[in-house]
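Residue numbers (our numbering): 5 to 270. Ideal Cβ placement from N, Cα and C applies to all residues, glycine included.
Shown next, in the form of structure tokens:
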């Protein structure tokens, strides 16, 4: 298993896929408890959902599971949401706050996982963003995520279907956020919010540097929009996906068209 898979395209968009991988090395799997071995907090089938939506798009996919190490967390361990429940660089609990380990990782093990998994993913992502920027004068990172729509440990009530994150507008040109927000607002019967509970993870915040012609936006989808049930066996619902995918295509196509006008605008 290679930590990361890259497909090089030639458009201005790079799709980040940090949480769809399910690989756990045997030595790490042996330390998970029964709950942890369920791997419930996967962005199930998100790679399948986005597959084929946009020709010439670059993708960077983490093949390892977030319980090995979370590719969308600050490698220093700093919390993305201080004061709120969240999971850590190497999660100690699942999204429901329940333990996932029989033997939690030591500091040395966390460091080893940073080197073996987290660093290669981000080296690949950085390389592709810079390659695309060299081609077009601009790169747009679109970070693909999904999560269950009801998780009381993380948020109250039911999550919106489209959750757009730009760290309060800091990670991309305002036109990128506005265009994405408009498409989602018109995507009936879906609901949408911008910079709500999810404002963009470390990946979006770290790479989103509009002044350097790298823009970033995160899309967190409620899994109810494309899974049969938000529970094991986490089946992909082709009918639901067929209804959702045209809106995702519209977002990617719109951002591609925007890229040319935004090049060097900062």
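With residue 177 and residue 266 assumed to form a contact (beta carbons below 8 angstroms), what rounded beta-carbon distance in angstroms separates them? Their Cβ separation, rounded to whole angstroms, is 5 angstroms, which keeps residue 177 and residue 266 in contact under 8 angstroms.
For a test of the three-state rule: what should DSSP assign to residue 230, helix, strand or coil? coil
From residue 209 to residue 219, what does the alpha carbon distance come to, in whole angstroms? 10 angstroms
Through-space distance from residue 38 to residue 214, alpha-carbon basis: 44 angstroms
C-alpha gap between residue 43 and residue 9, whole angstroms: Within the model, the alpha-carbon separation for residue 43 versus residue 9 is close to 20 angstroms.
Buried or exposed, going by whether 16 or more other CB atoms sit within 10 Å of the CB of residue 5? exposed
Closest to residue 151 by CA distance: which of 27, 231, 61 is it? 231
Would you list, in sequence order, the uninterrupted alpha helix (DSSP H) runs of no fewer than 4 residues that lie entirely inside the segment 15-81? 30-33, 50-54
How do the segment 10-17 and the segment 127-145 stand: do at least 3 beta-carbon pairs fall below 8 angstroms, yes or no? The segment 10-17 makes contact with the segment 127-145, as at least three CB pairs between them are under 8 angstroms.
With a 10 Å radius around its C-beta and 16 neighbouring C-beta atoms as the bar for buried, classify residue 202 as buried or exposed. Burial state of residue 202 is buried, judged by a 10 Å Cβ sphere holding 16 or more other Cβ atoms.
The ligand ATP heavy atoms versus the CB of residue 17: any closer than 7 angstroms? Among the components of this structure there are no ligands whatsoever, and the ligand ATP is therefore not found.
Tell me which same chain residues have a C-beta within less than 6 angstroms of the C-beta of residue 109, skipping the five on either side of it? So the qualifying residues of the chain are 94.
Same chain, Cβ closer than 6 angstroms to residue 225, neighbours up to 5 away in sequence not counted: Within its own chain, the residues whose Cβ lies closer than 6 angstroms to the Cβ of residue 225, once the five positions on either side in sequence are excluded, are 150, listed in chain order.
Near residue 136, which residues of its chain fall below 7 angstroms by C-beta distance, leaving aside the five closest residues on each side in sequence? 16, 18, 62, 143
Could you tell me which uninterrupted alpha helix (DSSP H) segments, each at least 4 residues in length, are contained entirely in the segment 189-248, listed from first to last along the chain? Counting whole runs of 4 or more residues, the segment 189-248 contains the alpha helix (DSSP H) stretches 206-211.
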